[in-house]
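Beneath this line is the structure, given in structure tokens, with notes to follow.
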Amino acid sequence: MSIPRDVKEFLDGYPDAPNDLESSENLRFYRNTQRCRPDNRLIQEIHDQWFGDYDKLEYKHGYIQWLFPIQEYGMNYESQPLQVHEIEAMRSDPIILGRIISSYKLMLDFYGMQLVSLESGLISRVVSPGDYRARYRNLVRSSHNNLRISRILKCLSEFGFERLNAGFLLHVLAEQSEFKELESPGIRSSMDRWWANCLRNQEEREWIRGVIRQVRSGSVVFTRAMYEKALEKRSTLGHLQSS
Numbered sequence: 004m005s006i007p008r009d010v011k012e013f014l015d016g017y018p019d020a021p022n023d024l025e026s027s028e029n030l031r032f033y034r035n036t037q038r039c040r041p042d043n044r045l046i047q048e049i050h051d052q053w054f055g056d057y058d059k060l061e062y063k064h065g066y067i068q069w070l071f072p073i074q075e076y077g078m079n080y081e082s083q084p085l086q087v088h089e090i091e092a093m094r095s096d097p098i099i100l101g102r103i104i105s106s107y108k109l110m111l112d113f114y115g116m117q118l119v120s121l122e123s124g125l126i127s128r129v130v131s132p133g134d135y136r137a138r139y140r141n142l143v144r145s146s147h148n149n150l151r152i153s154r155i156l157k158c159l160s161e162f163g164f165e166r167l168n169a170g171f172l173l174h175v176l177a178e179q180s181e182f183k184e185l186e187s188p189g190i191r192s193s194m195d196r197w198w199a200n201c202l203r204n205q206e207e208r209e210w211i212r213g214v215i216r217q218v219r220s221g222s223v224v225f226t227r228a229m230y231e232k233a234l235e236k237r238s239t240l241g242h243l244q245s246s
């Protein structure tokens, strides 16, 4: 299966992307000093006021490029592609890195999930008062979220959180394989062609793609227990491997 061109550019590190030193809107937004457009919100306002506001997160579309900047244009032309100098400044600021994680948690909750471990990337379904079933149904129904997830995974990689990508991917795979959740053709297609390739760590990318192929062929049922074991072993050994 061929890798889409946008993912290929991501894997190559965007070799042709400009680095405009005059463009710093993403950095200022994550410093909580610039409002995003068109929603006119500071990042802390979004984190504080939009968490759990599922209608707003579903039907507004301009915020995602601000919460998860990458070195590509998105559908919001009032946002700015991420610049290399911004990546360097943002990765050196622990407050900004904490806000990136808060953005990730915001969207995980919207998708019916929660981050269990920042270290390993382990994810679970949301617990009461959330309802993962309703959120899963929305994710299956609203295909534009597939594009959002590709952006989220690329952004996490840019800021040194690529370990979280495997946690997300393998959670979704276990939900599909063991529990028959998130099993729509659209999600499977996005996962197999886009999401599973949004890891610059080639060894990890190939391992995850291999497990996905086994699940799709019906030769393996990838369970929640296997998911947790894989991340536990990675924490110990430094890489993913079969149980």
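For the sequence shown, the working numbering gives the first residue as 4, with consecutive numbering after it. No residue lacks a Cβ here, since even glycine has one placed at the ideal position from N, Cα and C. Keep in mind it's a predicted model, so treat the numbers as computed, not measured.
In this structure LEU30 is not in contact with GLU81, their Cβ atoms being roughly 16 Å apart against a cut-off of 8 Å.
No residue range can be given for ARG38, since it is assigned to no beta strand (DSSP E) and is classified by DSSP as neither H nor E. Taken atom to atom, the span from the alpha-carbon of MET110 to that of TYR230 is near 21 Å. DSSP places SER26 in no beta strand (DSSP E); its state is neither H nor E. One alpha carbon belongs to PRO21, the other to TYR107, and they sit about 26 Å apart. GLN117 is bridged by DSSP to SER127. Counting along the chain, the unbroken alpha helix (DSSP H) around CYS158 starts and ends at 147 to 161. Approximately 17 Å separates the beta-carbon atoms of GLY170 and LEU142; this is outside 8 Å, ruling out the contact. With a 10 Å radius around the Cβ and a threshold of 16 neighbouring Cβ atoms, MET78 comes out exposed.
GLU184 and LYS11 have their alpha carbons spaced roughly 29 Å apart. In this structure, PRO72 lies near LEU85, with their beta-carbon atoms less than 8 Å apart.
Of the residues assessed, GLU28 falls on the buried side of the cut-off, its CB having 16 or more other CB atoms within 10 angstroms.
Within 10 angstroms of the beta-carbon of ASP51 lie fewer than 16 other beta-carbons, which makes it exposed. Boundaries cannot be given for TRP197, as no alpha helix (DSSP H) includes it and DSSP labels it neither H nor E. Under the DSSP assignment, PHE171 falls in the alpha helix (DSSP H) whose first and last residues are 166 to 182. Contact check for TYR33 and ILE99: beta-carbon distance about 5 Å, within the 8 Å limit, so the pair qualifies. Scanning its chain for C-beta atoms nearer than 7 Å, with the 5 sequence neighbours on each side dropped, one finds around TYR66 the residues CYS39, ASP42 and ILE49, in chain order. Per DSSP, ASN204 lies in no alpha helix (DSSP H) segment and is marked neither H nor E. The region 211 to 225 makes contact with the region 188 to 203; the number of CB pairs closer than 8 Å reaches 3 or more.
CA-CA distance, SER26 to GLN83, rounds to 8 Å.
In the DSSP assignment, GLN86 falls outside any alpha helix (DSSP H) and carries neither an H nor an E.
Judged by DSSP secondary structure, ASN141 falls within the alpha helix (DSSP H) whose first and last residues are 135 to 144.
The beta-carbon distance between ARG138 and PHE113, rounded to whole angstroms, is 7 Å. This is short enough to meet the 8 Å contact definition.
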